[in-house]
Amino acid sequence: MEFKIERVAELARLNLKPEEKEKLEKDLGAILDYVHKLSVLDTTGVEPTSHVLNMENVFRKDEARPSNAAEKALEHAPQADGRFFKVPKIVQRD
Amino acid sequence: MTALHQLTLKEAIVVAKTDGRRPILDAFAKRAAELNPKINAFLRFDSKQAVIPAEAGIQEVDPRLKHSGMTRVESLHGVPVSIKDNICIDGREVTCASKILAKHVPPYDATVITKLKTAGATLFGQCNMDEFAFGSSCETSAFGPCRNPWDLERVPGGSSGGSAASVASDMTLAALGSDTGGSIRQPAALCGVVGVKPTYGRVSRYGLIAFGSSFDQIGPITKTVEDSAILLNILCGHDPKDSTSSPANVPDFTQALKRDVKGLRIGLPKEYFIEGIDPEVEKNVRSAAETYKKLGAEIKTISLSHTEHSVAVYYIVAVAEASSNLGRFDGVEYGLRVPSKDLREMYFETRDQGFGQEAKRRILLGTFVLSAGYYEAYYLKGQKVRTLIRQDFEKAFKEVDVILSPTSPTPAFKIGEKVADPIAMYLSDIFTIPANLAGIPAMSLPCGFTSGGLPIGLQLMARPFDEPTMLRAAYAFEQETGIYKKKPAL
Chain W
52 MEFKIERVAE LARLNLKPEE KEKLEKDLGA ILDYVHKLSV LDTTGVEPTS HVLNMENVFR
112 KDEARPSNAA EKALEHAPQA DGRFFKVPKI VQRD
Chain C
616 MTALHQLTLK EAIVVAKTDG RRPILDAFAK RAAELNPKIN AFLRFDSKQA VIPAEAGIQE
676 VDPRLKHSGM TRVESLHGVP VSIKDNICID GREVTCASKI LAKHVPPYDA TVITKLKTAG
736 ATLFGQCNMD EFAFGSSCET SAFGPCRNPW DLERVPGGSS GGSAASVASD MTLAALGSDT
796 GGSIRQPAAL CGVVGVKPTY GRVSRYGLIA FGSSFDQIGP ITKTVEDSAI LLNILCGHDP
856 KDSTSSPANV PDFTQALKRD VKGLRIGLPK EYFIEGIDPE VEKNVRSAAE TYKKLGAEIK
916 TISLSHTEHS VAVYYIVAVA EASSNLGRFD GVEYGLRVPS KDLREMYFET RDQGFGQEAK
976 RRILLGTFVL SAGYYEAYYL KGQKVRTLIR QDFEKAFKEV DVILSPTSPT PAFKIGEKVA
1036 DPIAMYLSDI FTIPANLAGI PAMSLPCGFT SGGLPIGLQL MARPFDEPTM LRAAYAFEQE
1096 TGIYKKKPAL
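In the order they appear, the protein sequences are chains W and C.
For reference, each letter of the first sequence is one residue, going 52 to 145 in this note's numbering.
For reference, each letter of the second sequence is one residue, going 616 to 1105 in this note's numbering.
The structure is reproduced here in structure tokens:
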């Protein structure tokens, strides 16, 4: 199966180097052909498994606890400004 | 007298209790300094052991851990345990063997690390791995491949290749790995050591950098079955910080270690003895089944009919989860950032330069199977076949107590041999993936050697939360055969 790599890379927010594109496209096409063999199985009426434990709605109390997580997290930011992560400009003017 | 680095974890605890931990720590620091340049099992190791729990004052038990088996911990008395480099240790660099996380220092401990510290372990090496645990050979590490201690031209397996190689080469007493599709068991098999993937939910994933959240489990890689049981006693238990960790009662796993398999029903799945399996692997695994028979177990041929589809299901569902989990690496909050003119370009460039080939391949594949128009044909279909594979096991475990198979279809392969062909690489996990799809416990232990001297692993699988029966079967075989005593010549 043909794998339209440009579009998927766009969705994945991923630039690809020109020299890797062709090989990845070929690999991914082959992998899709391989996984496509699942279509021989009849799965009518089979429930999908998203999780093996069958636990749902695990609740805990919404209690405030002392934490310095924000400070510690900002220590490792590539760029921070006061209490914020700093990023490049989001909207460019034409 | 046995050299200190040759001790088992169990033996080392006894020595450390009487002589203190220092002689043992020095022995491993010396051993690692000498061997790691050849093997590259550790990305970093603490040669001075500057952070020793008692000295650093980390003695306080988190009160929330008291309900999770912590009260029955066997103290480790400072002996060195090494950690796969996708598990967070407060204040120490963690990389997932990826450039995108190079120099990242997490500000908190994973729950398994808190538990090890509380039990008095010295956190020694941080182990090499496939980038983000994507691989079966440790060759996708951004920091160079790890090598197999039995043959330095061969891979140690993956993704926890550094963990398995460091234990096999006596550079550490034991190590933690993580297993999403075989990443503890396959390298354990290829390196001739014991590796346990617990039931999904047994061990908290808090602080494990996520790959496939509905598959990932942390587990021990050790020299003996008993050593794994000792570590499982420390690692297992419900954690309020991981809502997918199970509230199930945690037994004392060391109590399960009895040399008694009389009447145990062991299943040999016919789909696991297929064409393409190495003849020496098959011979050794079948002869292990004979050993069990001799010990009084009942051997039955069973069928797990959807086995051949496991790899396809895994490379849809696990990869979908991975692409989603890796969405967070965007250069904003931590890790690599490639400066760019605007935010959008920063995402694209950071991810291009930060991720290696296999990570990109899986991100693209996962993004594709989740994308509009393809979700039902791939992702949903994969989840449905996952149900069929679970049902295979449920049916099989009505007839048998334990399932026995090869861990890997081949012994360790040559470095570079499978790099160009992703599907060939993915198929090296064909016998380990089903246990992750079903969430059941599984382990690998050494069962022999090829004529060329490479280790062969035996896999045992059991019902959910029935690690005790699995460990008992493993212990009986190990004690009967004594294969674990053989060491690589280094």
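Glycine is no exception: its CB is placed at the ideal position from the N, C-alpha and C atoms.
Treat the numbers as computed from the prediction; the structure is a model and nothing was measured.
- The beta carbon of P139(W) falls within 7 Å of a beta carbon belonging to chain C, placing the residue at that interface.
- Taken through DSSP and simplified to helix, strand or coil, S793(C) comes out as strand.
- In the structure shown, R134(W) adopts coil according to DSSP, grouped into three states.
- Three or more beta-carbon pairs separated by less than 8 Å link the region 787-806 of chain C to the region 762-772 of chain C, which places the two stretches in contact.
- In the DSSP annotation of this structure, the continuous segment of the beta strand (DSSP E) that includes L738(C) starts and ends at 737-742.
- Residues of the region 849-876 of chain C with a C-beta less than 7 Å from any C-beta of chain W: P855, S858, T859, S861, listed in chain order.
- Only F963, E964, R966, D967, Q972, K975, R976, I978, L979, L980, T982, F983, S986 from the region 963-987 of chain C bring a Cβ to less than 7 Å from some Cβ of chain W.
- The Cβ-Cβ distance between G827(C) and D794(C) does not fall below 7 Å.
- Boundaries of the beta strand (DSSP E) harbouring A1077(C): 1070-1077, taken from the DSSP string.
- Under a criterion of Cβ atoms nearer than 8 Å, the residues of chain C adjacent to D78(W) are, in order, R976, P1037.
- For the region 715-729 of chain C, residues whose beta-carbon sits nearer than 7 Å to a beta-carbon of chain W comprise H719, V720, P722.
- Taken through DSSP and simplified to helix, strand or coil, L731(C) comes out as helix.
- Taking a C-beta cut-off of 9 Å against chain C, the contacting residues of the region 62-73 of chain W are L62, A63, R64, L65, N66, L67, K68, E71, listed in chain order.
- By the neighbour-count criterion, in which 16 or more other beta carbons inside 10 Å mark a residue as buried, V59(W) falls on the buried side.
- Taken through DSSP and simplified to helix, strand or coil, S1020(C) comes out as strand.
- For F749(C) and Q972(C), the gap between their C-alpha atoms comes out near 10 Å.
- In the displayed model, Q998(C) falls within a helix according to three-state DSSP.
- For the pair E948(C) and S955(C), the CB atoms are not nearer than the 7 Å cut-off.
- Using a Cβ distance threshold of 7 Å, K1033(C) and T94(W) do not count as a contacting pair.
- Taken in chain order, the members of the region 95-124 of chain W whose beta-carbon sits within less than 8 Å of a beta-carbon on chain C are V97, E98, P99, T100, S101, H102, V103, L104, M106, V109, R111, A120, K123, A124.
- Secondary structure within the region 798-834 of chain C: the alpha helix (DSSP H) runs of 4 or more consecutive residues, fully enclosed, are 800-806 (chain order).
- A direct Cα-to-Cα measurement between K909(C) and N743(C) gives close to 40 Å.
- When Cβ-Cβ separations below 7 Å define contact, M786(C) makes no contact with chain W.
- Contact between the region 861-871 of chain C and the region 899-916 of chain C is absent, with fewer than three C-beta pairs closer than 8 Å.
- The CB of L995(C) comes closer than 7 Å to the CB of P99 in chain W, given here in chain order.
- Between E61(W) and T1022(C), the alpha-carbon positions lie close to 38 Å from each other.
- Apart from the 5 residues on each side of it in sequence, G1054(C) sits with its Cβ closer than 7 Å to the Cβ of T814, Y815, P1079 in its chain, given in chain order.
- Apart from sequence neighbours up to five positions away, no residue of its chain approaches L92(W) with a beta-carbon distance below 8 Å.
- The residues L980, Y1041, in chain order, have a CB closer than 8 Å to that of Y930(C) in the same chain once the five nearest residues on each side in sequence are set aside.
- For A825(C), the closest of A725(C), A804(C), R817(C), I836(C) by C-alpha to C-alpha distance is A725(C).
- As the crow flies, the alpha-carbon of I1030(C) is around 9 Å from that of N763(C).
- Between P1083(C) and A871(C), the C-beta spacing is below 7 Å.
- Contact check for N1051(C) and F747(C): beta-carbon distance about 16 Å, past the 8 Å limit, so the pair fails to qualify.
- When the Cα atoms are used, G792(C) and A120(W) turn out to be separated by approximately 27 Å.
- Nearest to L1003(C) by alpha-carbon distance, out of V97(W), I56(W), V86(W), R64(W), is V97(W).
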